[in-house]
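>
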Amino acid sequence: MTVRWGLSVLDWTHHAIDERADHPNGCYRASCGHLLMFVVPLEDAPYGKTCEDCAAEQYDIAIEDLGRSQ
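Numbers 10 to 79, taken from my numbering, label the letters of the sequence shown in order.
(1) Please list, in chain order, all residues of the same chain as residue 73 whose beta carbon is under 7 Å from its beta carbon, the five residues on each side excluded.
(2) Taking 6 Å as the limit between beta carbons, can you name the residues of its chain near residue 45, skipping five residues before and five after?
(3) When we look at the beta-carbon of residue 12 and count the other beta-carbons within 10 Å, is it buried (16 or more) or exposed?
(4) Output the distance between the C-alpha atoms of residue 57 and residue 77, rounded to the nearest integer angstrom.
(5) Identify which residue in 33, 32, 67 has its Cα closest to the Cα of residue 54.
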């Protein structure tokens, strides 16, 4: 899964976006369910404040990936 981070102007936090996921027309759906417009630039890493739900989910995914690789 390729995760990018987009800054929401509604809550000024970065949300995790899977670009390959199924998104509604004109929007990205973040892993927490937050919607961001397609015009939002996506970054490889968040800078500043991150969405706590998105960050927690990405942390859990990273821990699972570590467990599989060992």
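Think of the CB as a built atom: it goes at the ideal place given N, C-alpha and C, for glycine as much as any other residue.
In terms of the structure at hand:
(1) Excluding sequence neighbours, residue 73 sits near nothing in its chain.
(2) Cβ within range, chain order: 15, 17, 37.
(3) By the neighbour-count rule (16 or more Cβ atoms within 10 Å), residue 12 is buried.
(4) Linking residue 57 to residue 77 through their CA atoms gives a straight-line distance of about 30 Å.
(5) Taking only the C-alpha atoms, the option nearest residue 54 is 67.
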